[in-house]
Amino acid sequence: MPDLQSGRTIDAALCGELRDQLRGTGPLVQCITNSVVTNITANILLAVGAAPAMVDIVGEAGPFAGVANGLLCNTGTPLPEHRDAMREAAAAAGEAGTPWVLDPVAIGALPHRTKLAFDLVALRPTAIRGNPSEILALAGGTGGRGVDSTDAPEAALDAARGLAERSGAVVAVSGATDLITDGRRVVRVTGGDPMLTRVIGTGCSLGALVAAFLGSGSEEVTPLEAVTAAHALMSVAGEQAAGVGPGSFAVALLDALDAIDGTALAECARVTEN
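Rendered as structure tokens:
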């Protein structure tokens, strides 16, 4: 199915083009993320050719969001200072036209982060990325247990579509098969490796990777295309890094993200739209 905005089909070949475009542009990505994953998030952005900036305090977060190419707001460790910084940065990003990503980590069961996530949705993120339970909770259902999902991606598809329609964001549901929707169209990215769930920070770093792809595109690149390319790259990198233990996997994942160029991504990614 062609993209009605750009006239292009979203497939592995397009993901490869966008991967090379990211490396060529080197987007500056502001990350207001959780303290558990800061290091791996920065390293993953560097590996793909982006520039990370962990500018996360009130008074700086907003001005920086106005000049960054992309912004990530991750609710994993929502300290009061970070909650205010996210609201400030998201508002500034909206005013400046900076694309930004909401990663609503562990919402649903925990009240402070859940309220924060709903506040941020009202500020119109470009993309929302989460596991099935997080997306269901943000769409008005019940949450899972912490950062783990108790639901399958397909179970969250209708919720993701509805959330996309109401928020205007592209919504990505992570799982064995990633589901990405703008409310009208659905793209599936198949692949990855179970080891991605055994290394802290791979999911949160995917949110930063989404921000990098959103921030590296030309006006002709739609958010749905950019979000799909980010998931395709992480999926293929996970497959190529597999076969080792979790400690070695974390290093191998960085190596794979660095090594995969557009040609390799186009050859290896499994992307379908229906």
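In this note's numbering, the protein residues as written are 1470 to 1743. Here a beta-carbon is modelled for each residue, glycine too, at the ideal position from N, C-alpha and C.
Measure the Cβ-Cβ separation of Cys-1542 and Ala-1701 and say whether it is below 8 Å. Contact: no.
Using the rule of at least 16 other Cβ atoms within 10 Å of the residue's Cβ for burial, across every protein chain shown, is Pro-1663 buried or exposed? exposed
Can you have a look at Ser-1504 and say buried or exposed, based on whether 16 or more other CB atoms are within 10 angstroms of its CB? exposed
Rounded to the nearest angstrom, what separates Gly-1518 and Arg-1598 at their Cα positions? 21 Å
Find out if the Cβ-Cβ distance for the pair Arg-1761, Gly-1563 is shorter than 8 Å. Any answer about residue 1761 is impossible in this case: the structure gives the chain only from 1470 up to 1743.
Within a Cβ cutoff of 8 Å, which residues of the same chain sit near Val-1655, ignoring the five residues on either side of it in sequence? Leu-1626, Arg-1630, Leu-1648, Ile-1649, Glu-1742 and Asn-1743, listed in sequence order.
Quick one: what's got a C-beta closer than 6 Å to Ala-1516's C-beta in the same chain, skipping five residues either side? Leu-1723, Leu-1726 and Asp-1727
Who are the near neighbours of Ser-1704 in its chain, counting only those whose CB is closer than 6 Å to its CB and skipping five residues on each side? Around Ser-1704: Val-1658, Gly-1660 and Gly-1661.
Ordered along the chain, which non-local residues of its own chain (more than five positions away) have a Cβ less than 7 Å from that of Arg-1552? Leu-1585
Just to confirm the assignment, what range does the alpha helix (DSSP H) spanning Ile-1509 have? 1507–1517
Around the C-beta of Thr-1502, are 16 or more other C-beta atoms found within 10 angstroms, so that it is buried, or is it exposed? buried
What is the rounded straight-line gap between the Cα of Gly-1531 and the Cα of Gly-1495? 21 Å
Which runs of the beta strand (DSSP E) at least 3 residues long sit entirely within the segment 1650–1699? Give them in chain order. 1655–1659
Meets three-Cβ-pair contact criterion under 8 Å: the segment 1508–1515 and the segment 1668–1676: yes
Tell me the DSSP secondary structure of Arg-1598 in three-state form. strand
In the DSSP assignment, the alpha helix (DSSP H) including Ala-1586 goes from what residue to what residue? 1580–1590
Range covered by the alpha helix (DSSP H) that runs through Ala-1608: For Ala-1608, there is no enclosing alpha helix (DSSP H), since its DSSP letter is neither H nor E.
Mark Glu-1557 as exposed unless 16 or more other C-beta atoms lie within 10 angstroms of its C-beta, in which case mark it buried. buried
Look up Thr-1646 in the DSSP assignment and give the residues it is bridged to. Thr-1659
Assign Glu-1623 to buried or exposed, taking buried as 16 or more other Cβ atoms, counted over all protein chains shown, within 10 Å of its Cβ. Burial state of Glu-1623 is exposed, judged by a 10 Å Cβ sphere holding fewer than 16 other Cβ atoms.
Where do the ends of the alpha helix (DSSP H) carrying Arg-1552 lie? Residues 1549–1565.
Just to confirm before moving on: does the CB-CB distance between Ala-1638 and Thr-1595 stay below 8 Å? Taking the C-beta atoms as reference points, Thr-1595 is found nearer than 8 Å to Ala-1638.
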